[in-house]
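Asker:
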Amino acid sequence: ERVSIAALNGPTSVVIAGDEDVALEIAAGFEAQGRKTKRLTVSHAFHSPRMDGMLEAFREVAQGLTYEAPQIPVVSNLTGTVVSAEEIATADFWVRHVREAVRFLDGVRTLEAQGVTTYVELGPDGVLSAMAQECVTGRGAAFVPVLRKDRPDAEALTTAIARAQVRGVAPDWAAFFAGTGARRVDLPTYAFQHRRYWPEEPVASLAAAGVDGWRYQVAWKPLSLGSAARLSGVWLVVTPAGEATAHAWADGVVGTLTGRGAEVRRLDLAAEDRAGIAEGLRTAADAGAVAGVLSLLAVGDADALLSTAALVQAMGDAAIDAPLWCATRGAVSTGRQGELVDPVRARVWGLGRVAALELPDRWGGLVDLPETMTDRVLSRLVAALAGAGDEDQIAVRASGVFGRRLARATARRVAESESWSARGTVLVTGGTGALGAQVARWLVAKGAEHVVLTSRRGLDAPGAAELRDELAASGARVTVA
Numbered sequence: 016e017r018v019s020i021a022a023l024n025g026p027t028s029v030v031i032a033g034d035e036d037v038a039l040e041i042a043a044g045f046e047a048q049g050r051k052t053k054r055l056t057v058s059h060a061f062h063s064p065r066m067d068g069m070l071e072a073f074r075e076v077a078q079g080l081t082y083e084a085p086q087i088p089v090v091s092n093l094t095g096t097v098v099s100a101e102e103i104a105t106a107d108f109w110v111r112h113v114r115e116a117v118r119f120l121d122g123v124r125t126l127e128a129q130g131v132t133t134y135v136e137l138g139p140d141g142v143l144s145a146m147a148q149e150c151v152t153g154r155g156a157a158f159v160p161v162l163r164k165d166r167p168d169a170e171a172l173t174t175a176i177a178r179a180q181v182r183g184v185a186p187d188w189a190a191f192f193a194g195t196g197a198r199r200v201d202l203p204t205y206a207f208q209h210r211r212y213w214p215e216e217p218v219a220s221l222a223a224a225g226v227d228g229w230r231y232q233v234a235w236k237p238l239s240l241g242s243a244a245r246l247s248g249v250w251l252v253v254t255p256a257g258e259a260t261a262h263a264w265a266d267g268v269v270g271t272l273t274g275r276g277a278e279v280r281r282l283d284l285a286a287e288d289r290a291g292i293a294e295g296l297r298t299a300a301d302a303g304a305v306a307g308v309l310s311l312l313a314v315g316d317a318d319a320l321l322s323t324a325a326l327v328q329a330m331g332d333a334a335i336d337a338p339l340w341c342a343t344r345g346a347v348s349t350g351r352q353g354e355l356v357d358p359v360r361a362r363v364w365g366l367g368r369v370a371a372l373e374l375p376d377r378w379g380g381l382v383d384l385p386e387t388m389t390d391r392v393l394s395r396l397v398a399a400l401a402g403a404g405d406e407d408q409i410a411v412r413a414s415g416v417f418g419r420r421l422a423r424a425t426a427r428r429v430a431e432s433e434s435w436s437a438r439g440t441v442l443v444t445g446g447t448g449a450l451g452a453q454v455a456r457w458l459v460a461k462g463a464e465h466v467v468l469t470s471r472r473g474l475d476a477p478g479a480a481e482l483r484d485e486l487a488a489s490g491a492r493v494t495v496a
């Protein structure tokens, strides 16, 4: 009596609507079974008992309208079938439209049964196209949204018409080009001429200084950021629960952010559960706009890789598209003397670079902090958050702020007297393969007294026994494992 099925959007997608407490109870029951649930951002619980109070007033309005039979067949999402002219031209039909479930899945299946293979979506984005792809049972169907939120309207419309054209649909090109001055031209009546563009002459051998020019390395460039940069709006600062080091940094960061104009709300994460993090983000955001999110999960001493990944995902679940900045401590080296890199914290930088590519709409960047917190370091951190521009990989140090760059690596010529020599035991992984065998021979020639060659098949690998005997004959001890 208080909740009902509001929509059947796909074979695995159902919407329920009604009183909040009942709807959440049902959702919790499905989550307990391992099903994914998402709360929709809507103004009213449409297609539910919540609509009952307005149906009669709506019917009065609908009865005052004049209806005409549709000029093209209409598949109704009220019935999921082709609707008759008599049925659609009644007030009752539209009253039912407000109250009953949306049968989107049935409507798409009806179109598919009638032989439809190209679906054009008229709407602000491709939401229905995405849902419809889950509804069809056969292959080869195309879904063409006319407008996309991330593309200019003219480009999106032209692309949609072109896709329809190559699918066998015949657009009215005369109407499309009307007023532009475009005209038809004849193609050449002869076969197109062919010309090879590959080089016919052999390429001169490339000098070894040329090969060195292909090598790159990471470099850090000093950045000039305004020391008086200010922030605005709501900033969420995410910290790991129970991490004393992270909490000490959080206290300093929160105070500095607040002093620079931000409204700071702090969120302590007690677990790495994605759903729990999303709920915490929603509570902290308090249904308002968020200007930015700063993660301090990786400034403590614990491994923050999984919790950072869950935070990135949970921001999407919580519909927070503000830029996420992930702070680390000792995760990168800027090349200055005495800097050590913690490989566990460095993994967060690998995750961050992937997030920057896959989720650019809600990514801010990575900021590595020094071991020691000072007022100057905190000030520079805020300057990076407020005025970094296109910089998204930054190292804050006591000596300044640095941005990550790829720079050409300069080859270092090794003198003969500096050539490397092997001593003791040397391990070669993949040691019984073609490359491993060459490396093993080179090591023995360089003086290795004992080579350990590991591979998946050991002595059963083709040629492994012969390689062992060959190296042993050179005076080295050989172990194949």
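Just remember that our numbering sits 15 ahead of the position in the sequence shown, which is counted from 1.
By construction, the Cβ of each residue, glycine as well, lies at the ideal position given by its N, Cα and C atoms.
Between the Cα of LEU251 and those of HIS209, TYR231, ALA244 and LEU284, spot the shortest distance and give me the residue it belongs to.
Answerer: Here residue 251 corresponds to residue number 236 of the sequence shown, with the count starting at 1. Cα-wise, what sits closest to LEU251 is LEU284.
Asker: What first and last residue would you give for the alpha helix (DSSP H) that runs through TRP109?
Answerer: If you number the sequence shown from 1, residue 109 lands on position 94. From DSSP, the alpha helix (DSSP H) with TRP109 extends over 106-114.
Asker: Give me the Cα-Cα distance between GLY60 and LEU272, rounded to the nearest whole angstrom.
Answerer: Counting from 1 along the sequence shown, the entry for residue 60 is found at position 45. Counting from 1 along the sequence shown, the entry for residue 272 is found at position 257. The amino acid occupying residue 60 in the given sequence is Ala; Gly does not appear at that position. Their backbone Cα atoms lie some 39 angstroms apart in a straight line.
Asker: Please report the straight-line C-alpha distance between TRP188 and GLY138, rounded to a whole angstrom.
Answerer: The residue you call residue 188 lines up with position 173 of the sequence shown. The residue you call residue 138 lines up with position 123 of the sequence shown. Going by the C-alpha atoms only, they are around 22 angstroms apart.
Asker: Please classify ASP383 as buried or exposed, where buried requires at least 16 other C-beta atoms within 10 Å of its C-beta.
Answerer: Here residue 383 corresponds to residue number 368 of the sequence shown, with the count starting at 1. That one is buried.
Asker: Quick one, which of PRO88, CYS150, SER144 and SER19 has its alpha-carbon nearest ASP67's?
Answerer: Position 52 of the sequence shown, counted from the start, is the residue given in the question as residue 67. With distances taken between Cα atoms, ASP67 lies closest to SER19.
Asker: Since PRO255 is in the beta strand (DSSP E), which residue starts that stretch and which ends it?
Answerer: Sequence index remark: in the sequence shown, residue 255 carries index 240 (1-based). Run containing PRO255: 249-255, per the beta strand (DSSP E) assignment.
Asker: Taking the alpha-carbon positions, what's the ARG65 to VAL113 distance?
Answerer: As a first step, residue 65 must be located in the sequence shown, where it is residue number 50. As a first step, residue 113 must be located in the sequence shown, where it is residue number 98. Looking at the two C-alpha atoms, the distance is approximately 10 angstroms.
Asker: When you compare only the Cα positions, how much space is there between VAL253 and CYS341?
Answerer: Here residue 253 refers to the residue found at position 238 of the sequence shown. Here residue 341 refers to the residue found at position 326 of the sequence shown. Looking at the two C-alpha atoms, the distance is approximately 10 angstroms.
Asker: Rounding to the nearest angstrom, what Cα-Cα distance links LEU238 and THR389 in this structure?
Answerer: To locate residue 238, count along the sequence shown from 1; it is residue 223. To locate residue 389, count along the sequence shown from 1; it is residue 374. C-alpha separation (whole angstroms): 19 angstroms.
Asker: Pull up the distance between the alpha-carbon of ALA325 and that of SER144, whole angstroms please.
Answerer: In the sequence shown, residue 325 corresponds to position 310, counting from 1. In the sequence shown, residue 144 corresponds to position 129, counting from 1. When rounded, the distance between both Cα atoms is 28 angstroms.
Asker: Would you say GLY307 and LEU246 are within 9 angstroms of each other, going by their C-beta atoms?
Answerer: Locating residue 307 in the sequence shown gives position 292, where the first residue counts as 1. Locating residue 246 in the sequence shown gives position 231, where the first residue counts as 1. It is a contact, given that the beta carbons lie within the stated cut-off.
Asker: Among residues of its own chain, excluding the 5 on either side of GLU136, which ones have a beta-carbon nearer than 6 angstroms to its beta-carbon?
Answerer: In the sequence shown, counting from the first residue as 1, residue 136 sits at position 121. Around GLU136: LEU143, SER144 and PRO160.
Asker: Which residues bound the alpha helix (DSSP H) around THR323?
Answerer: Walking along the sequence shown from the start, residue 323 turns up at place 308. From DSSP, the alpha helix (DSSP H) with THR323 extends over 320-332.
Asker: Does the Cβ of SER322 have 16 or more other Cβ atoms within 10 Å, making it buried, or fewer, making it exposed?
Answerer: The residue labelled residue 322 in the question sits at position 307 within the sequence shown. Classification for SER322: buried.
Asker: Per the DSSP calculation, ILE87 is bridged to which residue(s)?
Answerer: For the purposes of this step, residue 87 is taken as the residue at position 72 of the sequence shown. In DSSP, ILE87 forms no bridge with anything.
Asker: Compare the C-beta of VAL356 with all C-beta atoms of chain B and state if any pair is closer than 9 angstroms.
Answerer: In the structure shown, chain B does not exist; there is a single protein chain.
Asker: Rank GLY274, ALA317, ALA329 and ALA265 by C-alpha distance to the C-alpha of GLY295 and give the top, closest one.
Answerer: Position 280 of the sequence shown, counting from 1, holds the residue named residue 295. Nearest C-alpha to GLY295: ALA329.
Asker: Any idea which residues DSSP pairs ASP383 with across the strands?
Answerer: To locate residue 383, count along the sequence shown from 1; it is residue 368. Paired residue(s): THR343 and ALA410.
Asker: According to DSSP, what are the bridge partners of TRP235?
Answerer: In the sequence shown, residue 235 corresponds to position 220, counting from 1. TRP235 is bridged to ARG419.
Asker: Do GLU464 and ARG483 have their C-beta atoms closer together than 9 angstroms?
Answerer: By one-based count along the sequence shown, residue 464 stands at place 449. By one-based count along the sequence shown, residue 483 stands at place 468. No; because the gap between Cβ atoms is not below 9 angstroms, this pair is not in contact.
Asker: Less than 8 angstroms between the CB atoms is what I'm expecting for GLY379 and ASP407, so what's the real figure, rounded?
Answerer: Here residue 379 corresponds to residue number 364 of the sequence shown, with the count starting at 1. Here residue 407 corresponds to residue number 392 of the sequence shown, with the count starting at 1. Indeed, because the Cβ distance is near 7 angstroms, the residues count as touching under 8 angstroms.
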